[in-house]
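What follows is a single structure, written as structure tokens, with notes after it.
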Amino acid sequence: MANFKGHALPGSFFLIFGFWWSVKYPFKHACRKNRKVCSSGSKVGLQRMEIIEGATKAAFALIGMIAEQFVPDGPHLRLYNYEEKQWSHLMNWQHSTMYLFYGISGIVDIITHTTKVVPVAIDRLMLSIAVFIEGFLFYYHVHGRAMLDVHIHLLLLVAVFAGALCVFLEVFHRGNIILELFRTSLCILQGSWFWQVGMISLSFSLQTAFHFSNIQAYCFFFLTPFVCGVGFFRRLLCAVIRGCSGFSSVFGRVNPDVFAAFGVRSPGFAVSVRRVCGGFSLHYGGPVVLAEYSAGSPKWDHRIAPN
661 MANFKGHALP GSFFLIFGFW WSVKYPFKHA CRKNRKVCSS GSKVGLQRME IIEGATKAAF
721 ALIGMIAEQF VPDGPHLRLY NYEEKQWSHL MNWQHSTMYL FYGISGIVDI ITHTTKVVPV
781 AIDRLMLSIA VFIEGFLFYY HVHGRAMLDV HIHLLLLVAV FAGALCVFLE VFHRGNIILE
841 LFRTSLCILQ GSWFWQVGMI SLSFSLQTAF HFSNIQAYCF FFLTPFVCGV GFFRRLLCAV
901 IRGCSGFSSV FGRVNPDVFA AFGVRSPGFA VSVRRVCGGF SLHYGGPVVL AEYSAGSPKW
961 DHRIAPN
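Residue numbering for the sequence shown follows this note's numbering, beginning at 661 and increasing consecutively.
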């Protein structure tokens with residue numbers, strides 16, 4: 661659907677997944693950094709959320725394919741029109757192909773997290789292929805269209821191909837919070853830009869109807885810095901969410917028995933004693949506190965047991 665609805669639908673899907681990932685990955689990173697944040701039940705819940713995420717992705721893809729095929733002016737599963745001797749709604753078929761690969765990615769997610777038949781990294785590989793297929797289709801999606809329409813789709817391709825590369829790197833560096841947050845910001849950028857493309861396409865159709873041709877020239881020069889600003893604020897949002905959710909993992913709590921071991925009265929509140937940049941960290945590990953110096957090559961451990 662080359663209209664506002666056809667762009668708003670995938671844009672909504674990408675925004676939902678982008679905002680979900682912006683909460684999910686910082687929480688998982690906090691669990692890896694601080695075991696006290698997550699219990700065994702939380703780990704089981706995270707695995708279930710992976711399965712639900714895959715099912716949701718497959719469901720969204722199915723909804724998108726049905727919408728592309730069975731709209732009133734859609735192909736209705738007919739690729740070639742024998743009556744008119746021409747291909748039928750190839751643009752809808754391109755969109756359906758994009759949804760198809762995302763649906764396969766969702767199914768692979770479910771298989772990966774429910775069985776041990778496939779390697780764990782295959783879900784990232786399939787997602788990378790799906791994102792690359794999306795960009796590959798969009799690259800040939802604007803053939804013979806207006807310059808403004810071509811420009812806004814090419815701006816979208818930057819986020820798409822960057823996302824495909826980022827997910828492909830996750831195949832070899834799974835669990836890297838930098839790659840995960842970068843992919844999250846690109847997904848949010850992609851979803852928001854789908855909405856922008858829909859709005860621009862809608863306004864462009866209106867200006868064509870009312871012969872406001874000068875608007876197109878101003879939009880052409882404005883869109884490139886605009887998408888840069890949109891991308892910056894998306895990354896800033898992910899950084900803020902990451903900072904808020906990772907606060908508990910960076911600043912741990914100290915066992916009150918530690919103060920008793922030194923003859924110091926417990927202050928009665930959680931004290932931050934972890935220095936990240938300096939290489940000195942004091943981790944709470946039950947009745948024993950581990951201090952680790954990791955700035956230089958020699959490492960030393962000092963365990964303090966309460967009296």
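Note that CB positions come from ideal geometry on N, CA and C, so glycine has one too.
(request) Work out the CA separation of CYS847 and VAL802 for me, nearest whole Å. (result) 21 Å
(message) Excluding the 5 residues flanking ALA715 on each side, which residues of the same chain have their C-beta closer than 7 Å to its C-beta?
(response) GLY766 and ILE770
(request) Please classify THR775: is it buried, with 16 or more other beta-carbons within 10 angstroms of its beta-carbon, or exposed? (result) exposed
(message) In whole angstroms, give me the CA-to-CA distance for GLY666 and LEU722.
(response) 14 Å
(request) Check whether the Cβ atoms of ILE711 and HIS773 sit closer than 7 Å, and answer yes or no. (result) yes
(request) Alpha carbon to alpha carbon, how far is GLN729 from PRO735? Give it in angstroms, no decimals. (result) 6 Å
(request) Would you mind reading off the limits of the alpha helix (DSSP H) that contains THR757? (result) 750 to 774
(message) For THR757, which residues in the same chain have their Cβ closer than 8 Å to its Cβ, ignoring the five residues on either side in sequence?
(response) ILE793 and LEU797
(request) Identify the continuous alpha helix (DSSP H) that holds ASP733 and give its terminal residues. (result) Note, ASP733: premise wrong, no alpha helix (DSSP H); not H, not E.
(request) Return helix, strand or coil for TYR740, following the three-state DSSP convention. (result) strand
(request) Could you check how far apart the C-beta atoms of ILE764 and MET786 are, in whole angstroms? I think they sit under 8 Å. (result) 6 Å
(request) Kindly list the residues whose CB is nearer than 8 Å to the CB of HIS833, restricted to its own chain and excluding five residues on each side of it in sequence; keep chain order. (result) LEU839
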